[in-house]
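Scroll down for the structure; my scribbles are underneath it.
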Amino acid sequence: MTMHHRPAQEAILLTVNGQEQRIIAPPATRLSEVLRDHLGLTGTKVGCDAGDCGACTISLDGRQVCACLVPVAQAAGQAIQTIEGLSGTATGRQLQASFANHGAAQCGICTPGMLMAAADLLAQNASPSRAEVMDALGGVLCRCTGYEKIVDAVVAWNLPAGEPAGGSGSIGRRIPKLDGASRIDGTALYGADAAPAGPLWLRAIRSPHAKARFTLGDLDAWAAARPGITRVFSAKDVPGHNSFGVYPDLKDQPVFAEGHVRYRGEAIAGIVGEKAAVEAITLDDLPITWHPEAPATGISAGLAAAPALHAIRPDNVLTRGLVERGDPEAAFAAAAFTAEGRYGTAFVEHAYIEPEAGYALRKGDRVEVFACTQATTMDRDEVARVLGLAKEQVTVLASACGGGFGGKLDVSLQPMIAVAAWHLAGAPIRCTYSRIESMASTTKRHPAEVFARASCDAAGRLVSFEMEADFNTGAYASWGPTVASRVPVHATGPYKVPHVRNRTRAIYTNETPAGAFRGFGIPQAAIAQESLYDTLAEKAGIDRLEFRLINALRRGDATPSGQVLEASAGLAECLERLKPGWQALLADAESFNRRTTRARRGVGIACMWYGIGNTSMSNPSTMRLTLDAAGKITFWNGAVDIGQGSTTVLGQIAADALGAPVGLLHSVIGDTDKTFDAGKTSASRQTFVSGKAAEKAGAALRAEILRLTNAGPDAVIRFGNPLLVIDGGRETTLDPASLSPLPDGQVLEGIGSFDPPTTPLDAQGQGVPYATYGFGAQVASLDVDTALGTVKVRKIIAAHDVGRAVNPMLVEGQIHGGIAQGLGLALMEEFIPGRTENLHDYLIPTFGDMPEIEVILVEDAEPLGPSGAKGVGEPALIPTAPAIFSAVRHAVGVIPRRAPLLPHRLWELLRAGQS
Amino acid sequence: MATYLRPATLSEALANLDVDARNPPANPLDRLGILAGATDFFPAAAARQAWFQPTPANILDISAIAELRGVTTGPDGVRIGALATWTDVINSALPPAFDALKQASRQVGGVQIQNRGTLAGNLCNASPAADGVPPLLALDAEVELVSAAGSRRLPLADFILSNRRTALRPDELMVAIHVPKPADSERSLFLKLGARAYLVISIASAAVNLACDEAGRITRARIAAGACSAAPQRLPELERRLAGLPIADAAQAVDPGVLAPLSPIDDIRASAGYRLAAVETLLRQAFDALGRPLERAA
């Protein structure tokens, strides 16, 4: 057996970015882990550990590889280059500049991998075509950008830069992201990239069963007997409340389950110890006894399940929503044309490329939590409640966030690591979810079962609409109530409908909790509503775009909740501006279909609206802008930038209000000790709500400076040390060092707050749920392969009323990314617990799946918003799937009613249609 | 205790396998597992690790064995070494009969996977949807299996037994794939159907190799279908019908009867009925595509 014997950990010599490195690690260790943990090269990101996402792409011996798939032993003696090394090369710097100038990096988590793949291509081909770029980068997934701007950036990698930052008057300009550099050179610190020295690691033990009772043996004795294991924490170790949830009255999810689990992936305990030791633990080794039970899977099983999942909801109905107006029954009876149908959608996974990660550290009677999140203040409040501490005893620091899309609004690992940190004072407790753990345990888009009915008069004017929509909220409430309340308000779509009854239910099941996901249920409802309108247009003999134009909500119209739109309702303008493209694409389809039989081309259209901010609830934001004694301007901004660009957009707004070049702003982002509550990054609210607060903060600081210099409102401020204030012919200097400091050392401040005005909805859902709405419409052109049932989306024209595009490049980025996710929802994405828990069985769009996108920005100014701006993050996704389904129907004459429309499902529809 | 062996010679590797085979560990998971490009090994490990399942700890890394590298052409045909990657195949000068294999190689994972994954590993992993298998079946590939006791060659069709099962003995290592020299006139095409453009596991696939005479008559047809049965299958009835047909009529030879060797399943990616219909379509499409340029030439 001598041949079998070899020291397990002999030194391995690596050449990384030109430097020799001596590594002591087991030979089968993933190279990604060695680069990150041993060498501190955290620019190489880990998204899946399975070669599915390409985030860890590096160069090995001159070729792109996934570092997660290379045993470190095989890397010995070969040249390794990481993003840190690429940043030191001329090609790398040019590529990075091109990414910044094209807005090719949003959250930035895939960017190092994209750059490494691009560099590999450019080494072989310095002038690649778009197709060559897609082939070479096709192994890297991006969930934010929709890929188009990445292709733009690589194709133009060595061309001169576009418009630079700087100068004053930044609103409306395509300014590269203010925080862009660190998200492109690998230096931004995401949840898994930073922790104080000497950490212990927490690994959650999760149920492999969807429903089970369990008993835990003596975990203390078990831990004591295992080297490297410090302790195992379970429900009994939670010092405060063993529960969390985003609604104050619905904290139904335990940090660690007590005695029974309600879904596959639910945490029952957390093992803490040295990293290798906790990773080596297997289920057989643990003192846990499972008693699996039959789970309630799907909405009807949830409604029938007894006993109830939660005692507070004996019928398993978490919540109901209603909007009712007029007399829909009478209106249906009198209508000229009526359409109805049943529609369904699947669980959809956010698939941000950064799995949840962070650390917690106890310092005295305080706990600090660093993690990726969309909502620092909510996280702080949850952690404080779980620990039984005052909110002020908890600090939440937002890491760079590698994508969220609603999935990082809920806490995930934060309560677990905080509990462990509380008991193990002084030891940083780290945790990084694996991809599978992230997918199995965190929230999803709600599956929906929708029945809807709509009618119009002979002239095509909508008269009545009815929807009954059930949403599978999984085992815990999360944002189920938000979905149930938002959908009835929006379910008619952005149209004048006098008679409406929309009812929703969110239903508990033994499935993955469904929560917030870009659109909060409205994308699911829009699939039904827009499909019915295509039917009505057909029955009434009216062009589908004209039908929507006839019915479009306009300024002065009342919504189904009785709100009269006073301003900023640009849907009609979106449709008018889509008309030429719509007509050209229809003509193109007609001509194409005359020439072919197997491939059929279709063109579709769909509209959307979306209330910006929380539904009938206060959702204020406060921003602060300061000047210090040296004349430095600091923007204290509590809004978490999840890649969409709020740091840049809010900075532009604040700088313009102050009258300073945006490049002079230093930003402090998302630190609950230092920044005011900006509210969560969701509901497409940061540009509108926090933007208004930023505008007010900038104006307040400007007013302070003008007051101190006795200058008039039109004076120009030259920032520097000292400041120079020019008021007509009079110039005054202001030495900030001469001013007495505020408690935090700053000398001047401007604080601005904004809470959008809304009113509660009454029992019939009548009121003013939102201060403003985003509107939009998209046209899709696609080809259906009638033999295979496959769909190739060729082009999407997206017209969105954003009020004011503060940064058109970033707005386009949101629209591209929303379309990518909408396309995934329509055609390929289906999360099935236990079946599609990874990124090779769960499919999101890749480079080659995206159509050409033409963006039309409509700016119907919102008087309440900063410079007229409102939100765009969620609006972009909502019309995409219904527009695609509308085009499929136009192409082949069948009505898609179930998403995703996988090839075999469309093929079956086509077969049924033929018979 | 975990073992990681990375011998530089084949004989050392075989000796290690021999020891392991003679003294099989009680737990099959503790067997010495053969590792080359690691593109299947790590994803499988991640899936087990996530649910607290044990992962293989004893590894025989064959990547340092120089004699297993490369794609070489000899008088009798082409040898694809066990360490040859998808990229190695793409970059090799090979006759048109290998076009299908190259097309499949370009559609396995992303470039990152193509740069690391090996064809031999794809065969040993024996997934029903393995994209390397149909083109190699259509080329009548053989695999060379070597142990300390000797070596043997098996037709690929006899090597892959079913889903994730092969004829590889515990003491054996696949050292090469051998493809007999095809006719110069033989042309080939691989068509893959997936639900997205890149990084996709096949719903169905088809590899078609056709040799024709100067008149455009098919002299020899070799056809295989993937992801439609526990192991990819040749379609002998179709091959028989095609022999002698003008290539322009080849598509007409396809009907459900020739798909008898296939037994697809319903899974998350597609239904069984769809798979059969899809592979029928892919085959017709392949014949049409291969027929077109020949007609032009004629």
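Chain order of the listed sequences is V and G. Every letter in the first sequence is one number past the one before it in the working numbering, and letter 844, counting from 1, is 844. Numbering-wise, the working numbering comes out as the position in the second sequence, counting from 1, plus 1000. Where is the CB? At the ideal position from N, CA and C, for every residue including glycine.
Query raised in the report: Between residue 476 (chain V) and the rest of its own chain, which residues show a CB-CB distance below 6 Å, the 5 nearest in sequence each way excluded?
Result: 252, 253 and 513
**Report entry** beta strand (DSSP E) runs wholly inside the region 1187-1241 of chain G, at least 3 long, in chain order
**Finding:** 1187-1193, 1204-1212 and 1218-1226
Report task. Could you tell me whether the Cβ of residue 1035 (chain G) comes closer than 9 Å to any Cβ of chain V? Result -> yes
Report task. Could you name the residues of the region 1052-1065 of chain G whose beta carbon sits closer than 7 Å to any beta carbon of chain V, in the order they occur along the chain? Result -> 1052, 1053, 1054, 1059, 1061 and 1063
Requested in this report: Assign residue 166 (chain V) to one of three DSSP states: helix, strand, or coil.
Outcome: Low per-residue confidence applies at residue 166 (chain V): pLDDT is 49, beneath 50, and the placement is therefore not dependable enough to give any value.
Query raised in the report: Between residue 694 (chain V) and the rest of its own chain, which residues show a CB-CB distance below 6 Å, the 5 nearest in sequence each way excluded?
Result: 623, 650, 653 and 654
Report task. For residue 439 (chain V), count neighbouring Cβ atoms within 10 angstroms of its own Cβ and tell me buried if that reaches 16, exposed if not. Result -> buried
Query raised in the report: Touch check for the region 1110-1125 of chain G and the region 1087-1095 of chain G: three-plus C-beta pairs under 8 Å?
Result: yes
Query raised in the report: How long is the line joining the alpha carbons of residue 499 (chain V) and residue 780 (chain V), rounded to whole angstroms?
Result: 30 Å
Query raised in the report: For residue 236 (chain V), is the classification buried or exposed, using 16 other Cβ atoms within 10 angstroms of its Cβ as the cut-off for buried?
Result: exposed
**Report entry** Sequence-distant residues of its chain with Cβ nearer than 7 Å to residue 1067 (chain G) (five each side left out)
**Finding:** 1010
Query raised in the report: Under a CB-based cut-off of 9 Å, is residue 4 (chain V) close to chain G?
Result: Low local confidence applies: a pLDDT of 42 at residue 4 (chain V) is under 50, so the model's placement there is unreliable, with the coordinate-based value given in what follows. Interface residue, yes.
Query raised in the report: Quick one: what's residue 81 (chain V) bridged to in DSSP?
Result: V:59
Report task. List the residues that DSSP assigns as beta-bridge partners of residue 506 (chain V). Result -> V:319 and V:471
Query raised in the report: Counting along the chain, where does the beta strand (DSSP E) carrying residue 608 (chain V) start and finish?
Result: 599-611
Requested in this report: Measuring only between beta-carbons, confirm whether residue 1024 (chain G) sits less than 9 Å from chain V.
Outcome: no
Query - Cβ pair count under 8 Å reaching 3, the region 88-100 of chain V against the region 48-59 of chain V - result: no
Query raised in the report: beta strand (DSSP E) containing residue 621 (chain V): first to last residue?
Result: 621-627
Query raised in the report: Tell me which same chain residues have a C-beta within less than 8 Å of the C-beta of residue 160 (chain V), skipping the five on either side of it?
Result: none
Report task. Select from the region 40-60 of chain V all residues with a C-beta closer than 7 Å to any C-beta belonging to chain G, and list them in chain order. Result -> 49, 50, 51, 52, 54 and 57
Report task. Could you tell me the distance, in whole angstroms, from the CA atom of residue 186 (chain V) to the CA atom of residue 571 (chain V)? Result -> 40 Å
Report task. Using beta-carbon positions only, say whether residue 411 (chain V) and residue 244 (chain V) come within less than 9 Å of one another. Result -> yes
Query raised in the report: Comparing alpha-carbon positions, which option in V:613, V:273, V:66 and V:196 lies nearest residue 1110 (chain G)?
Result: V:66
Requested in this report: Spell out whether any CB of chain G is found under 9 Å from the CB atom of residue 281 (chain V).
Outcome: yes
**Report entry** Cβ contact check for the region 901-912 of chain V and the region 1049-1056 of chain G: 3 or more pairs under 8 Å
**Finding:** no
Query raised in the report: So, are the CB atoms of residue 396 (chain V) and residue 373 (chain V) less than 9 Å apart?
Result: yes
Query raised in the report: Does any C-beta atom of chain V lie closer than 9 Å to the C-beta of residue 1009 (chain G)?
Result: no
Query raised in the report: Under a Cβ-count criterion, where at least 16 other Cβ atoms within 10 Å of its own Cβ denotes burial, should residue 166 (chain V) be classed as buried or exposed?
Result: Only weak support exists for where residue 166 (chain V) lies, its pLDDT of 49 falling under 50; the coordinates are left without a value.
Report task. Note down, in chain order, each residue of its chain lying with its Cβ closer than 6 Å to the Cβ of residue 199 (chain V), except the 5 sequence neighbours on either side. Result -> 428 and 430
Query - Cutoff 6 Å; reference residue 1270 (chain G); Cβ partners in own chain excluding five residues on either side - result: 1203
Report task. Below 7 Å between beta carbons is the criterion; list the residues of the region 68-79 of chain V that meet it against any residue of chain G, in chain order. Result -> 68, 69, 70, 71, 73 and 74
Requested in this report: Assign residue 1275 (chain G) to buried or exposed, taking buried as 16 or more other Cβ atoms, counted over all protein chains shown, within 10 Å of its Cβ.
Outcome: buried
Query raised in the report: Secondary structure at residue 592 (chain V), three-state DSSP: helix, strand or coil?
Result: helix
Query - When V:796, V:815 and V:797 are compared against residue 805 (chain V), the one with the closest alpha-carbon - result: V:815
Query raised in the report: What separation, rounded to the nearest whole angstrom, lies between the Cα atoms of residue 73 (chain V) and residue 1004 (chain G)?
Result: 9 Å
Requested in this report: Taking residue 1109 (chain G) as the query, report the chain V residues whose CB atoms sit under 7 Å from its CB, ordered along the chain.
Outcome: 51 and 139
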